[in-house]
Each structure stands twice: as C-alpha cells, then as structure tokens.
Amino acid sequence: MPLVRIESLSKRYGRVAALSDCTFEIAPGETLGLLGPNGAGKTTLLRLLLGYLKPTAGRATIDGLDCYRQSVDVHRRLAYLPGDARLFRNLNGRQTLELFARLRTTATIERALQLAERLQLDLTRRVRHMSTGMRQKLALATALTPDVPLVILDEPTANLDPTVRRDVAELIREARSQGKTVFFSSHVLSEVEEVCDRVLVLRQGQLVESVEVAQVRQQHRISAKLTGVIAPPPTEVAQRIEINRPDAEGEIQILTRGDLAPLLSWLSQQPLVELSIEPIGLRAVYERHHPMASE
Amino acid sequence: MNFVLLFRSLRDGWPLLASCAALAFGFTWLRVWVASQIKPDAFIKFFSESLQIFQNLLPVPIAEFATPLARVAFTYEEFGLVLLLGLWAIARGTDSIAGRVGAGTMEMLLAQPLRRITILSSHTLVTLVGVVVIALTSWLGVRMGLVVSEFEQEPAWTEIAPGPANFVGLGLFITGAATFISALVRSRGNAVGLMIGFYIIEIAVMIVARVSEQFSWLRWLTILSAYEPTLLTLALDRRPEEFWPMFWQYNAWLFGLGTLLLALSAAIFCHRDVPAPL
C-alpha cells in the first residue's frame, strides 16, 4: 500500500491553474524528487499535501488519511521544511529547537541538538541575527528532529553552502536507510540524482514525467563518426537502442537503455571512429521538458 | 489548548502588554488628579458659554458631567486610554492570523500536529487576558488617583467599576474585529490599515450622531454607542435598579459582537488557504 497517494489533484486560483490533474503514488521507504522550474507547481503540490491549501479537485492522502480534512493526523506522520522557512525572530537557536521539540511527542531535544551540532549551528544566536543559510539550517534541524515516517522538504539546500549541501544529502540518505519516505523538491539536478530513487518532473502545473533514477543512470548517449555502413544490431541489443540518422558530417548518435556490455561487443564491429559514451543523466530528462533550464 | 503555544504567546506579548498596562496605570492616575483640579462652577460656565455642539459631544448633561464621579468616570472615554487599549488589541488581533501567515511562522506551526483552532485560541486567549490586565491596571490607577487627590465629594473607587467593565467589552470587540479582518487578508499591514480605517469611521459616525439631531439615528450604526462608561457609571450610581438592564444591554452588544467576530474568524481561518509567506 502506498504511503502517499495523489489522485487527480488540482489547484486553481481563478483562471490560473497552479496544479492540474496530478496523479502519482509514493511507496513507503522511497526517496522521491520533484523537479521543475519556478512556477511549475512544486510548492503548490507540497502545500496541498500539508493541507495548507484546499484542493480545487482531486484528493491527496497520506497513510490513508485525507491531507486536507485530517491534516492534524497527517502531520503526526510527517515532518516538513518550507522552501522559505521563517522562524520566530526573537528566539535563539536553542529556544527554537526546544519549542518545536515540545510541540511533538515524536521529537526529543537531544536529537535536535545532535542535528544542530552536525549542521554546525550556533544555538546562542537569535534568529533575527542569523544569516539566511543559518536560518535554513536551523529550520532543517527542526524538521528532521521528529521520528516520523514521511519527510517533506521544499528545496532544502537553497541558500546553503556546498559543505552543508553535502551534509543535507547525507541526512536524506540516512533517513532513507532508516526506512523513512522522503519527498523533496529541488532545482539542483545532481543532488536529486544522487539521493533519489525516483523523480517527478512538473511543467506548468502538470506532471509530465516520472522516471526511476536507476534507469536514468543506465541510459547513455553514444556519439561517433560513421565511416561505412552500419550493420543491423542483434535483436537483444536492438530492443534497447535508438539509432539516430547520421548528419551531414556522418556523425551518428545512439541512445541506449540498460546494460552496456552486450552493446559494446556489437559496437566494436561497426565502422565507427571518434567514439564517445556519456551517461544521459537527469539533465537530459529535465531538458526534454524544460529546454532552457540550467543547474 | 496547547500550553507550549500559550506560554510562547505570552512571552511574545508581554513587553507590549507591560508597556500598555504601565501607561494605562500612569495615565488614569494623572487623569484623576487633573479631574480633581477642575472647579465645577468654572467647568459648567465654560461649557455653557461654548457652542452647543461641544455640549452635545458630552456623554451626559453638563450639570451631571461636572460632578466628581462623572469627571473621574470620563477617564475611560479619554482618547489616550482608548488608544492604549486599541494599540494592544489591534496589534495582537491583526498578528493572530495575517501577521503570522505573512511572517511565515504560521506555516512552521501548522506543519506540527496542531489544530488551527488551537493555534488561534492560544494567541487570542493571551490577547483577552491582556485586555483585562489593562482594564485592571487602569482601574488601579484610578484608585491611586483618588487616594492622592481631593474632590469636593470624593467618589468611591468601586463606583467607577462600570467604566472598566465597559472598557473590557470594548477591548473584546476590538480584538474580535481585528482578528476577523486578520482572517480575511494576507498581510498584517492591510489588516492594521483596514482596522484603523474602520475605527475612524466608527468615531466619525458617533460624533455626527451626537452633534446632529437630524443624524442621531446614526448611533444605531456604530458599536461605539455601546461604549458609554460615564453614562453607565452615573446611571448605576443614581438609579441602579432602573439602569442595570441598560448596563447589561450595552455590554452584551460589545461582548456578544466581539465573541461572534472571534467565532467567525476561527471558522474562516480553519477553512482558508494558507499561502506562502510574503
């Protein structure tokens, strides 16, 4: 049974569709990434899951509970980090951690302090005197403190330096290894590819792609110059490749899926020179829907 | 009720509350002393010779207004004291929903397993306690003023009680109205602007209703008609049996409308979208 189930979920603001007819599921223990440019509907989708917004149509459930109507029970099962986390400005770091730890039965101040130490937080400083990155780290510590089955993070590494980004990726991996389900949005493709099992791509409020990262990792683009006539590949190989026609200069591209080993033996017998093989990666998947996007 | 939130709200609000309560105490103390310095005959003469329009603005006839009890009770109609109450109630009421949504702290709280009504009620309870504290400290200030001042016929401080009671009613109404506006809008700035605009219109309507016979019906359109601390104090002092119903009726309007607006605010907040912070 999926932990998260989204069925034809839509959110409209007047004539503007922030999210249209979105359907997908998240299995327990899965780490799911959400990609899309600004305005694609990522935050709207996450806020619908949190019950902050009332769906115009469709339904979202977590552990069988309606995200809008049973939001308190839903929140017992999840932790959330907003994209632009704002904390109480007059509290210092420790007071902030204590406040949020006391609001949950599944959170302890000891766990919060461990996370704070790991994220190198100065807990004596008041929130109003913290930099944006420091505040984001503090919010992240409050979000990851409770022991809950689902963690939802909206751009968790925005405003963070590369060292802390690495720590955040490590924390997400740890959560996954503890059997938690993680759902997070990001603009950083490499980070999503590194930690996620599956990735959803949103465009203009619509879910346009759902890909397994393991499959993406096994996709390659082979470029070479053709110096003769290419022989038809064996059936086993043919099922997993797509050969583009050579251009005017005789350069061809072969897109592959799955294990490269059987392909390489066939490839070595073809009249090809200047051959290069590169993994396609999430960037190619993303650019299919957002051609101008860059990390 | 969540005691963690309640304590948090109290800690957030106490500097403003302490300031308002201290100022209310000092203001009423000073105001009562000033009232003791006024000579009744000169006071009556001054108002009798002034334009009728000024006499109409007084809550009771000039002869009654010159009595020590009325002069002291009028403290609760002084702009300064009402401003302090408004400052507290509007600051807290507008912060309760729009302020926290705009600041982004609401979405951090709502991510916890807390009902929206719990978050709102913890904040509002502290606001209402603050209203009572300001009323009590102002009453204490009146008492101190009476102790250090000399009147031709000194009123007992308990005789002034209808004033602070009516004052609490006004505080509850302002809290309800500010919270209601806060539930409807997204930014605290808008909520404060709308609330101040509403209050100015209420005062303007009240003034027109009092000074113009032709437009006296306007008093039915302003809730400030139910805020009459001087009138209620004098009426209950003179003929309590006759005027208790009026006291309850006036306060029922303020308490009832304030409570209704708080209930509506809660209903709206529990069903509204919580947008991303500004």
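Line order of the protein sequences matches chains V and S.
Per the numbering used here, the first sequence starts with residue 335, numbered consecutively.
Per the numbering used here, the second sequence starts with residue 4, numbered consecutively.
Note that beta-carbon positions come from the ideal geometry of N, C-alpha and C, so glycine has one too.
- Around the beta carbon of histidine 126(S), 16 or more other beta carbons sit within 10 angstroms, so the residue counts as buried.
- The beta-carbon separation of arginine 532(V) and valine 542(V), rounded to 14 Å, does not stay under the 8 Å limit for a contact.
- Glycine 615(V) sits away from arginine 510(V), with the two beta carbons spaced by 8 Å or more.
- Nearest to valine 547(V) by C-alpha distance, out of Gln540(V), Leu534(V), Gln538(V), is Leu534(V).
- Nearest CB-CB separation between lysine 388(V) and chain S: below the 8 Å threshold.
- Boundaries around serine 544(V) are those of the beta strand (DSSP E), 540-546, since no alpha helix (DSSP H) includes it.
- The beta-bridge partner set that DSSP reports for glycine 259(S) is empty.
- Rounded to the nearest whole angstrom, the CA to CA distance from arginine 118(S) to phenylalanine 434(V) is 15 Å.
- Pairing threonine 140(S) with alanine 24(S), the inter-Cα distance amounts to about 6 Å.
- Within the model, the alpha-carbon separation for glycine 375(V) versus phenylalanine 250(S) is close to 56 Å.
- Nearest neighbour of arginine 339(V) by Cα position, chosen from Gln549(V), Cys356(V), Arg349(V), Gly348(V), turns out to be Cys356(V).
- In terms of beta-carbon proximity, proline 416(V) lines the interface with chain S, with at least one pair separated by less than 8 Å.
- By the Cβ neighbour-count rule, methionine 335(V) is exposed, with fewer than 16 other Cβ atoms within 10 Å of its own.
- Taking a Cβ-Cβ threshold of 7 Å, the residues of chain S close to threonine 377(V) are Ala279, in chain order.
- For alanine 394(V), the CB contacts under 6 Å within the same chain, skipping 5 residues up- and downstream, are Ile340, Leu343, Leu382, Leu383, Cys401 in chain order.
- Take threonine 466(V), set aside five residues on each side of it, and the residues of its chain with a beta-carbon closer than 8 Å to its own are Asn493, in chain order.
- In terms of beta-carbon proximity, valine 188(S) stays away from the interface with chain V, with every pair separated by 8 Å or more.
- Cβ-Cβ distances below 6 Å link proline 416(V) to Asp488 in the same chain, with the five nearest sequence neighbours on each side left out; the list follows chain order.
- CA-to-CA, the gap between proline 568(V) and arginine 574(V) works out to about 10 Å.
- Nearest CB-CB separation between alanine 270(S) and chain V: not below the 8 Å threshold.
- For alanine 391(V), the closest C-alpha among the options Ala351(V), Ala419(V), Glu583(V), Gly398(V) is that of Ala351(V).
- Counting of Cβ neighbours within 10 angstroms places leucine 86(S) among the exposed residues, the total staying below 16.
- The segment 365-415 of chain V is shown to contain whole beta strand (DSSP E) runs of 3 or more residues at 365-369, 391-396, 412-415, in chain order.
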